[in-house]
Each structure stands twice: as C-alpha cells, then as structure tokens.
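S.K.: What follows is a structure written as structure tokens; I'll ask about it next.
In the working numbering, the protein residues as written are 612 to 904.
Here is the structure:
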C-alpha cells in the first residue's frame, strides 16, 4: 500500500510540473509573438539610420563623440558587453553563449578589458568566472519593456566616458529560425571597419547636401547621428537576444511538457497495474477464506 501512496504522490507532482511548464510555454510563445510583430519595423528603422550614417561617414566627416574608437589605433581600452537571459529554463541558450564568449576571448587575447553584463544569467556568470579586467556595470533585468531604455542608458554611459573606449564588442544570441539560436560577436566600435568600403563609391559633401536640407553643421549632424546609430544598434541586438530567448524557452518548456506527458502516462500505467494486482490478491485471499469455511 505504501508503494501505491508513493506513486499517487508522484503522479500529483508530475501533474503540477506539467501545469507549470505548460503555462511557461504559453507565456514564452505570447512574448515571442509580441516581439516578432515589432521586428520588421525595427529592422527597417535600423537600416534607414545605418544607410544615412554611412553617407555621412563616406564623405569623411568624423563624429567627435567617438573619441579613441578609430580603426588603426591601439586597442588599449576595449569594452565587452555580454548579453544573457534574465531567467533560466531556456535550454542551452546561455551555456552555448558563454562557451562561445570564452572561446572568442581566448583567441583574441584581450588584456584587461572592461565588461558590462546584461541579464541575470550573464551577471552571475561574470561574477562566478573571474576574468582579467573590470566589470563597470551590471543590469540584472532585460525584458520586453525595458530594452529600449536600457540601450539608451548604455549609449549615454559608453559615449560620454571621460576616457573613451577604443572598441565596443557585444556577445549575444540571435535567432536563426525559430528552432535555432546562435551566439554572435558584434563589433559596434570602431566604425571604420564597417563603413570604409563605401568611401570610394559615395559622393562629395556637395552631393550629400543636395539630397537633404541640413540646418546644422555637418560635424554636429555626424555627432548626433553617430550616437543615434549606436543606440539603435544596441536596441536591435538586445531585441534579437530577447527574441531568441523566448523561442529557446518555448522549445525547452514544450519538450518538458511532452516529457511530463510521457512520464505521467507511464506512471499511471504502473499505478493501475499495481492497484489491480493488489485488488486481485485481496479477492484471491477472500475467496480462499470462503472455501476454507
């Protein structure tokens, strides 16, 4: 009888776990769908800012607020941003990112970098895995509601440093189809590595001024636009990480729910077999006692 009680308790525990994983699966799909609806507009906006900033850079206007982040200079103050998830239960989302991060850091042999951790899992990882360098900021919370304000806060902090960073690199996950998330390294600064290829093909300052009516000076426009481009790039990377996180969590919770279904079915079969055996044994003993009388 004690075994039957244990199986009954186990069935209740599995049913409770199944309800939790099913609820998390629905929440993840809802969040992913909500983010997916914003993806196209954000991607188009980022592309428009990117193209306009390329035109500014192509005519040789250097933004004043980028400081030492110029291609060709010694990378003496590198900044590395690690973007993980706020919560767990999302499969290999974080572990694959951290493995990719460690491999990239080892290959680059970056000395004394500065770190920014975004997402509680990334914060915990940098705190438990000591690296040569300094963690300048940590942000535990990364959600649908705060990723835009977080990107703005990071942009202000990075570009307004008294001693500017010589490079800014972001390690984050991106969505490569709903069923696959891939860790990626994105270099935000220096900009010349991304924009130098277009310099020979773009027009002069006069041609650029013919396309737009510029009320401010080119230097002021370049400074403001560079900050805006940097902020939009961060927004898009954080957005991609959230999109990949919710897809990974849905897949993980969907697999957990299916496993709970299978385990529940197997446990119920074992419980029913054992209960039937107990009933049969009691009936046999009862019939035997009648025959003895």
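Even for Gly, the Cβ is constructed at its ideal location relative to N, Cα and C.
Which whole-angstrom value is the C-beta distance of residue 578 and residue 625, which I expect to be below 8 Å?
M.R.: No answer is possible for residue 578: the residues shown for the chain start at 612 and end at 904.
S.K.: Distance check for residue 751 and residue 795, CA to CA, integer angstroms please.
M.R.: Within the chain shown, the letter at position 184 stands for residue 795. Within the chain shown, the letter at position 140 stands for residue 751. So the two alpha carbons sit approximately 21 Å from each other.
S.K.: Quick check on residue 778: does DSSP put it in helix, strand or coil?
M.R.: Here the question's residue 778 lines up with position 167 in the chain shown. Correct three-state label for residue 778: strand.
S.K.: My assumption, with CB atoms under 8 Å, is that residue 956 sits in contact with residue 694. Please give the rounded CB distance.
M.R.: The shown model of the chain, from 612 to 904, leaves out residue 956, and the question about it has no answer.
S.K.: In the DSSP assignment, find the unbroken alpha helix (DSSP H) run with residue 826 in it and report its ends.
M.R.: Locating residue 826 in the chain shown gives position 215, where the first residue counts as 1. It is not in any alpha helix (DSSP H) - residue 826 carries neither H nor E in the DSSP assignment.
S.K.: So, at 7 Å on beta carbons, what are the nonlocal neighbours of residue 723 in its own chain, with the 5 sequence-adjacent residues on each side left out?
M.R.: Residue numbering aside, residue 723 sits at position 112 when the chain shown is read from its first letter. These residues qualify, in order along the chain: 743 and 744.
S.K.: Drop a sphere of 10 angstroms on the beta-carbon of residue 760, count the other beta-carbons inside from all chains shown, and report buried for 16 or more, exposed for fewer.
M.R.: To locate residue 760, count along the chain shown from 1; it is residue 149. Under this definition residue 760 is an exposed residue.
S.K.: Does the beta-carbon distance from residue 725 to residue 690 come in below 7 Å?
M.R.: Taking the first residue of the chain shown as position 1, residue 725 is located at position 114. Taking the first residue of the chain shown as position 1, residue 690 is located at position 79. Taking 7 Å as the Cβ cut-off, residue 725 and residue 690 qualify as a contacting pair.
S.K.: Quick one: give me the first and last residue of the beta strand (DSSP E) that residue 647 is part of.
M.R.: Taking the first residue of the chain shown as position 1, residue 647 is located at position 36. Not the beta strand (DSSP E): residue 647 falls in the alpha helix (DSSP H), residues 613 to 669.
S.K.: Identify every residue that forms a DSSP beta bridge with residue 796.
M.R.: Locating residue 796 in the chain shown gives position 185, where the first residue counts as 1. In the DSSP output, where bridge partners are listed per residue, residue 796 has 782.
S.K.: In whole angstroms, what is the alpha-carbon distance linking residue 871 and residue 622?
M.R.: Taking the chain shown and counting its residues from 1, the one referred to as residue 871 is at position 260. Taking the chain shown and counting its residues from 1, the one referred to as residue 622 is at position 11. Taking the straight line joining both Cα atoms gives about 10 Å.
S.K.: Name the one or two DSSP bridge partners that residue 728 has.
M.R.: Walking along the chain shown from the start, residue 728 turns up at place 117. According to DSSP, residue 728 bridges with 693 and 749.
S.K.: Compute the Euclidean distance between the alpha carbons of residue 888 and residue 896, then round it to the nearest angstrom.
M.R.: Mapped onto the chain shown, residue 888 falls at position 277. Mapped onto the chain shown, residue 896 falls at position 285. Taking the straight line from one Cα to the other gives about 12 Å.
S.K.: Let's test the definition: count the other Cβ atoms within 10 Å of the Cβ of residue 873 and tell me whether it reaches 16, buried, or not, exposed.
M.R.: Position 262 of the chain shown, counted from the first residue, corresponds to residue 873. Result: exposed.
S.K.: Near residue 882, which residues of its chain fall below 6 Å by C-beta distance, leaving aside the five closest residues on each side in sequence?
M.R.: For this step, residue 882 is matched to residue 271 along the chain shown. Taken in chain order, the residues that qualify are 618.
S.K.: Let's see if you can read the secondary structure: which residues bound the alpha helix (DSSP H) around residue 762?
M.R.: Locating residue 762 in the chain shown gives position 151, counting from the first residue. Residue 762 -> alpha helix (DSSP H) spans 758 to 770.
S.K.: Can residue 859 and residue 702 be called in contact, C-beta distance under 7 Å?
M.R.: Along the chain shown, read from residue 1 onward, the residue named residue 859 stands at position 248. Along the chain shown, read from residue 1 onward, the residue named residue 702 stands at position 91. Their beta carbons are under 7 Å apart, which means residue 859 touches residue 702 by this criterion.
S.K.: With DSSP as the reference, label residue 812 as helix, strand or coil.
M.R.: For this step, residue 812 is matched to residue 201 along the chain shown. Low local confidence applies: a pLDDT of 49 at residue 812 is under 50, so the model's placement there is unreliable, and no value is given.
S.K.: What would DSSP say about residue 679, mapped onto helix, strand or coil?
M.R.: Position 68 of the chain shown, counted from the first residue, corresponds to residue 679. Because residue 679 sits at a pLDDT of 48, beneath the cut-off of 50, its placement in the model cannot be relied upon, and the point is left open.
S.K.: Considering Cα atoms alone, identify which of 885, 764, 800 and 847 is closest to residue 944.
M.R.: Look at the range of the chain in this structure, 612 to 904, and you will see that residue 944 is not part of it.
S.K.: Going by beta-carbon coordinates alone, are residue 835 and residue 660 separated by less than 7 Å?
M.R.: Within the chain shown, residue 835 is the residue found at index 224, counting from 1. Within the chain shown, residue 660 is the residue found at index 49, counting from 1. Their beta carbons are not under 7 Å apart, which means residue 835 does not touch residue 660 by this criterion.
S.K.: Just how far apart, CA to CA, sit residue 862 and residue 717?
M.R.: Position 251 of the chain shown, counting from 1, holds the residue named residue 862. Position 106 of the chain shown, counting from 1, holds the residue named residue 717. In a straight line, the C-alpha of residue 862 is about 31 Å away from that of residue 717.
S.K.: Would you call residue 787 buried or exposed, if buried means 16 or more other Cβ atoms sit within 10 Å of its Cβ?
M.R.: In the chain shown, the residue the question calls residue 787 occupies position 176. Exposed, since its Cβ has fewer than 16 Cβ neighbours within 10 Å.
S.K.: On the DSSP letters alone, give me the boundaries of the alpha helix (DSSP H) that residue 741 sits inside.
M.R.: The residue given as residue 741 occupies position 130 in the chain shown. Segment: none, residue 741 is in no alpha helix (DSSP H) and carries neither H nor E.
S.K.: Quick check: residue 753 and residue 730, are their CB atoms within less than 7 Å of each other?
M.R.: Here the question's residue 753 lines up with position 142 in the chain shown. Here the question's residue 730 lines up with position 119 in the chain shown. Going by C-beta atoms, residue 753 is nearer than 7 Å to residue 730.
S.K.: Whole angstroms is fine: what's the gap from residue 645's alpha carbon to residue 869's?
M.R.: Residue mapping note: residue 645 aligns to position 34 of the chain shown, counting from 1. Residue mapping note: residue 869 aligns to position 258 of the chain shown, counting from 1. Approximately 24 Å, taken between the alpha carbons.
S.K.: Is the Cβ-Cβ distance between residue 833 and residue 632 less than 7 Å?
M.R.: On the chain shown, residue 833 is found 222 positions in, with the first residue counted as 1. On the chain shown, residue 632 is found 21 positions in, with the first residue counted as 1. For residue 833 and residue 632, no; Cβs fall outside 7 Å.
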